[in-house]
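In mature numbering (1 follows the signal peptide of the UniProt record, and there is no 0), the protein residues as written are -18 to -1, 1 to 639.
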């Protein structure tokens, strides 16, 4: 269409407040007889023949409202026929539009809305960043992040380059409708993608001077300027409009306050009441704006499973919670269902299942007896006399110098301390094995509760997939017994196939490394690989311990004393400590290095370098650590922290051999 002067004449009942009348009587989506979104009128912009235009001026002429659009061109004559329809005359062509809610606007047949899940197809995303200048922007990549249904800790991450004219495009293989996070420069937003769909995103990177010092205001400003076109434009426009409304009402500070002030049961009741209010508000919003059925379905599930996530997080985070939560607490899953194929359209369902998978049901409890048993099962023997002494006097996860051991004589304290030192490595492995068994029992309880609701349910299958994927993410291959178990228990063939694919990737990686291998995504851009090789090139033949950090990151700085201790441990050995500063200014980076006397190799990552290495090392937050072996290969993309001193030191020792 032409981009020239655009004037809209809307003939409605005469009013001295034309803009108010416009908003009240024709605000929302208007559909053609072919059930296609042709026109929509909203607070700051309108959809005209499928294109989005901003208002410049709203006036009145006789019984018509005259709207002038920025960069406009055609005159529209719009007459109100009744409360649910209007007549639009555009260049002599007359169309009858309705604003009655449709089950399926702009999505083709009903079958397309309820298309089979787990059938992979490409989603084509393209866009333009208006005002982008590669010389001054400081970035040239867009990062896209979306969830894998069976993964517990790993997201799918893709990078695509922004061309000098500000355009970008990428085909994303997906198997179900989902939210995708988009990041470039200092900006983060999200879109909604469907298999076989397409979307064009128009945004800009020109920020008013008064906002440039506030990252939050920058993000809000840029997010408010986004426009969509393409097959998935309607659902994205509706979703964006609603989420702006939603988060303007339901603020997280109040939620965080209640998490702290209420115990788990009290918070659950509070959050379920909140959910009811949110669903009522959603239905009112949908009716007011005549939103699509697909929108209402998506956001209903979004609200449900966001509430479920909050309720489960309260169990883990609230200090007022007791160590055990009764099974009755989880009765909320009767309404926020564990098995819900309809909820596969939102990533919040997957995040809810992930939270459910990680719930501590306290099926097993740590004990000295289970610790000693786990140690023996790991191949370590403890002399009977020492085992008896530990059984009688040791308390799990307690410091000998704390008040927990005040009743012991100094002789017994000394003996216990010496025994623990003697078996330090063995008991350490035993502790890990014990908690692995405890957590496995909790995971199986989570799956069992889902299976009780529906033996063939999709939630149960996804949880089983996560059980296998979690083992693989820890670098432990699936045994033949494991595979037979998953083949028998997982009803959905696609989920089982995904698990087997992940197992094959790990098996391939095991051929190149001996312990603690990780699954590394191989889709990093060639330029990213070149940057990484250049970064570590001067350390050839050395083990490299990488620390992703920032001056503002409290946990990062808390690890620094342990990092110094680790450096001292390997003084004179071919080990490099490489500190990669990220998401901070050069000034604060330099001042912190000096103030903290941080020895080692230092490099401040640019925004693009941050994106590249975050993908390679699966950095979802900091502090984050990585290990590179002496051949320059990533050995552990998610290495232990310096405070996990003994384990990390033994791992580095292994790589030095």
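Ideal Cβ positions, reconstructed from N, Cα and C, are used throughout, including at glycine.
A residue is called buried when at least 16 other Cβ atoms come within 10 angstroms of its Cβ; residue 337 meets this threshold and is buried. Taken through DSSP and simplified to helix, strand or coil, residue 67 comes out as strand.
Secondary structure note for residue 338: its alpha helix (DSSP H) is the uninterrupted segment 329 to 339.
When only Cα atoms are considered, residue 38 and residue 112 end up about 19 Å apart. Remark: C-beta atoms of residue 488 and residue 450 do not approach each other more closely than 8 Å. Sequence-distant partners of residue 589 (beyond 5 residues in either direction) whose C-beta falls short of 7 Å from its own C-beta, in its chain, are 120, 121, 167. If the five residues before and after residue 130 are omitted, its C-beta is found closer than 6 Å to the C-beta atoms of 138, all from its own chain and listed in chain order. When the beta-carbon positions are compared, residue 476 and residue 23 stay at least 8 Å from each other. Burial is judged here by how many other beta carbons sit within 10 angstroms of a residue's own beta carbon; residue 251 has fewer than 16 and is exposed.
Residue 324 and residue 152 have their C-alpha atoms some 28 Å from each other. Taking C-beta atoms as the reference points, residue 439 and residue 321 count as a pair closer than 8 Å. When the alpha-carbon of residue 371 is set against those of 626, 386, 351, 359, the nearest one is in 351. Ranked by how close their Cα comes to the Cα of residue 274, the residues 215, 110, 240 have 215 in first place. Nearest to residue 623 by C-alpha distance, out of 605, 615, 639, 611, is 605.
With contacts defined by Cβ atoms closer than 8 Å, residue 587 and residue 563 form a contacting pair. Nearest to residue 146 by C-alpha distance, out of 479, 558, 116, 266, is 116. Secondary structure at residue 531: strand, using DSSP grouped into helix, strand and coil. Three or more Cβ pairs closer than 8 Å define a contact, and the region 366 to 386 falls short of that threshold against the region 420 to 430. Of the residues assessed, residue 265 falls on the exposed side of the cut-off, its CB having fewer than 16 other CB atoms within 10 angstroms. Contact between residue 583 and residue 559 is confirmed by a C-beta separation of about 7 Å, below the 8 Å threshold. Nearest neighbour of residue 581 by Cα position, chosen from 63, 225, 403, 550, turns out to be 550.
By the neighbour-count criterion, in which a residue is buried when 16 or more other Cβ atoms sit within 10 angstroms of its Cβ, residue 367 is exposed. Taking the C-beta atoms as reference points, residue 64 is found no nearer than 8 Å to residue 600.
Assignment of residue 558 by DSSP, reduced to helix, strand and coil, places it in the strand class. The C-alpha of residue 571 is placed about 10 Å away from the C-alpha of residue 577.
Annotated as proximal: residue 609 and residue 637, with beta-carbon spacing under 8 Å. In summary, residue 253 is buried, with 16 or more beta-carbon neighbours lying within 10 Å of its beta-carbon over all protein chains present. In the three-state reduction of the DSSP assignment, residue 61 falls in the strand class.
Boundaries of the beta strand (DSSP E) around residue 616: 616 to 618. When the alpha-carbon of residue 618 is set against those of 528, 627, 542, the nearest one is in 528.
Under DSSP, residue 171 shares a beta bridge with 164. Non-local beta-carbon contacts of residue 433 in its own chain, meaning distances under 6 Å to residues more than five positions away in sequence, involve 442 in chain order. Within the same chain, and ignoring the five residues on either side of residue 28 in sequence, the residues whose Cβ sits closer than 8 Å to its Cβ are -11, 21, 22, 34, 35, 37, 49, 51. Looking only at 310, 536, 297, 328, the smallest Cα-Cα distance to residue 342 is reached by 297.
Pairing residue 222 with residue 536, the inter-Cα distance amounts to about 33 Å.
The beta carbon of residue 378 sits closer than 7 Å to the beta carbons of 348, 349, 350, 353 from its chain, once the five residues preceding and following it are set aside; these are given in chain order.
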